[in-house]
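Each residue of the sequence shown is one higher than the last, beginning at 5 in the numbering used here.
No residue lacks a Cβ here, since even glycine has one placed at the ideal position from N, Cα and C.
Bear in mind that the values here come from a model prediction, so they are computed numbers and not experimental data.
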Amino acid sequence: MYQEVVLLLTLLCVSSSVVISGPISDGSLLANGNFEKGPKPSQLKGSVIKGRTAVPNWEITGFVEYIKAGQKQDDMVLVVPEGSSAVRLGNEASISQKISVRSGRLYSITFSAARTCAQDERLNISVTHESGVIPIQTMYGSDGWDSYSWAFKAGGSEIEIRIHNPGREEHPACGPLIDAIAIKALFPPRFSGNNLIKNGNFEEGPYVFPKAKWGVLIPPFIEDDNSPLPGWMIESLKAVKYVDKAHFFVPEGHRAIELVGGKESAVSQIVRTSLNKFYALGFNVGDARDACEGPMAVEAFAGGRKILVDTFYHMKNDHSGSLCGPVIDDVRLVAVRTLGG
5 MYQEVVLLLT LLCVSSSVVI SGPISDGSLL ANGNFEKGPK PSQLKGSVIK
55 GRTAVPNWEI TGFVEYIKAG QKQDDMVLVV PEGSSAVRLG NEASISQKIS
105 VRSGRLYSIT FSAARTCAQD ERLNISVTHE SGVIPIQTMY GSDGWDSYSW
155 AFKAGGSEIE IRIHNPGREE HPACGPLIDA IAIKALFPPR FSGNNLIKNG
205 NFEEGPYVFP KAKWGVLIPP FIEDDNSPLP GWMIESLKAV KYVDKAHFFV
255 PEGHRAIELV GGKESAVSQI VRTSLNKFYA LGFNVGDARD ACEGPMAVEA
305 FAGGRKILVD TFYHMKNDHS GSLCGPVIDD VRLVAVRTLG G
C-alpha cells in the first residue's frame, strides 16, 4: 500500500563540504539571442526599430527599441548584461523566433530582463500552444537585471518562441529591457540509488548564463509537468533562485537553489512511500556567500508533520534591498528500518 507525501522546503545555516565533479552539459543562446547583430542604420529612427525583420533572426511587432550599453533614459544609464546591445519592448510589443526542436521533449527558456519605468512590469512568454506570465521584479538582484526561466513541452518539430509586453504605460517607450535568450533541453528526473527524491541535487535545471552572477529565477506556482527544475514544483508566492558554483557557494556538485523569499519561497515534490514505514529526510543547507545577512533557518514538511522550524526574511548587506536566503542542496529521502536508522 502506498501514500503520497508532499515534501515542502520553505525556508540553520549549516556548513557543508564541497564535492567537486566534472563539467555538466548545458544549453545555448538562440540565434542572435544576445542581440549583438542589430538593425541597419536605415532601419532605426533614433532607437526605435523600423521593420518586422530588422533585427537578424528575430521578428518584431509594435514599439521595439534597440538599446546600446550606456544609453541614457533621462538621468538613468541603461545597463546591458550580455554584450553591448539589448531590446526594449514598449506597450503590446513583442519579439519572436522560430526554432527546430524535438517533439514531445521538455525544454527550458532562460532570458535576462530589467524593468525601466513601471513598478509592476510583466512579460508574457509563449511557445506555440503554451504561455505564461512572468512578473519582472528587480528586488531579487542588486545588478539591475535578473534572469528568468520558463519550461514547456514541444508540441511539434518547429516552434515559435515569443516574448510579449502586455503593459499599457502612458509613455510608449516604457517597458522591460530584454537580453540573452537561451534554450536548454531538460531530461526527465530519475531516482539515484535508494534516494526517493528525484533531482535532489538540482543538477538538472534551466540554462545558467556563464557570466551572470545573479543566478536564474524560477517563477512561483510552476506545475510539475513543465517545471524548469525537473521533479520539483515552486509552490510559493516568491520565486526560487537557481544558482551555480561559479558565483555562489554550492554544497555539492555544480547547482543548487537559494530560497530568496522567506516564508514566501518554497519548493515541493510528491514522493510515493509505503504506509507505516519509517523514512529519513536530509538535505544540505548553507550560506550562498552573496552578502546575505542574518540567521537562516529552513522548514521541512512531510505529510502534515513539520520537521524543522523557524523562518526569516533576508536582504543583502549592499544596501540594494535585494532579497536572499539559504542555499539548499542534496535533498535525500531514504527508507529506514526504525526511527533510529
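Looking at the DSSP output, E262 bridges to K245, V331.
Comparing alpha carbon positions, the residue from S151, I185, N230 closest to G136 is N230. Under the DSSP assignment, P139 falls in the beta strand (DSSP E) whose first and last residues are 134–139. A check of alpha carbon separations from E208 across V59, R166, A260 identifies A260 as the nearest. Scanning its chain for C-beta atoms nearer than 7 Å, with the 5 sequence neighbours on each side dropped, one finds around R172 the residues N95, in chain order.
N230 carries a helical assignment under DSSP once its states are collapsed to helix, strand and coil. When the Cα atoms are used, S51 and V244 turn out to be separated by approximately 34 Å.
In this structure, the CA atom of W154 is about 17 Å from the CA atom of E125. The residue from C328, M80, Y283 with its alpha-carbon nearest to that of A118 is M80. Bridge partners of R126 according to DSSP: P139. Between A186 and L34, the alpha-carbon positions lie close to 5 Å from each other. The beta-carbon distance between S107 and S161, rounded to whole angstroms, is 5 Å. This is short enough to meet the 8 Å contact definition. Taking the Cα positions, Y317 is about 10 Å away from L263. Taking each of A97, G235, R336 in turn and checking the Cα distance to Q273, the smallest one comes out for G235.
By the neighbour-count criterion, in which a residue is buried when 16 or more other Cβ atoms sit within 10 angstroms of its Cβ, T114 is buried. If you compare the alpha carbons of V59, Y283, E268 with that of L327, the shortest gap goes to E268. Short of 6 Å from the beta carbon of S98, and not among the five residues preceding or following it, lie these beta carbons of its own chain, in chain order: T65, R166, H168. Distance from the CA of I238 to the CA of G31, rounded to the nearest whole angstrom, comes to 22 Å. Per DSSP, reduced to three states, the secondary structure at E297 is coil, with no helix or strand assignment. Counting the other Cβ atoms within 10 Å of the Cβ of R92 gives 16 or more, which makes it buried.
In the three-state reduction of the DSSP assignment, E86 falls in the coil class.
The C-beta of F156 has 16 or more other C-beta atoms within 10 Å across all chains shown, which makes the residue buried.
Taking 9 Å as the cut-off, the beta carbon of A177 is found no closer than this to the beta carbon of F253. Put simply, the backbone Cα of H175 is about 32 Å away from that of D322.
Taking 9 Å as the cut-off, the Cβ atoms of D334 and E256 count as close. L181 is a Cβ neighbour of V84, given a cutoff of 9 Å. For F115, the uninterrupted beta strand (DSSP E) segment begins and ends at 110–118. Looking from the CA of A295, the closest CA among G286, G74, P330 belongs to P330.
Take N38, set aside five residues on each side of it, and the residues of its chain with a beta-carbon closer than 7 Å to its own are E86, G87, D183, A184, in chain order.
Just so you know, the alpha carbons of K102 and V212 end up roughly 22 Å apart. Spanning the alpha carbons of L127 and K76 requires a straight line of approximately 23 Å. Going by beta carbons, S116 and E40 fall outside the 9 Å limit. The beta carbon of S104 sits closer than 7 Å to the beta carbons of S161, E162 from its chain, once the five residues preceding and following it are set aside; these are given in chain order. Annotation: E69 to W149 spans about 18 Å, alpha carbon to alpha carbon. When C-alpha distances from K242 are compared across M300, Y144, A189, G298, the shortest belongs to Y144.
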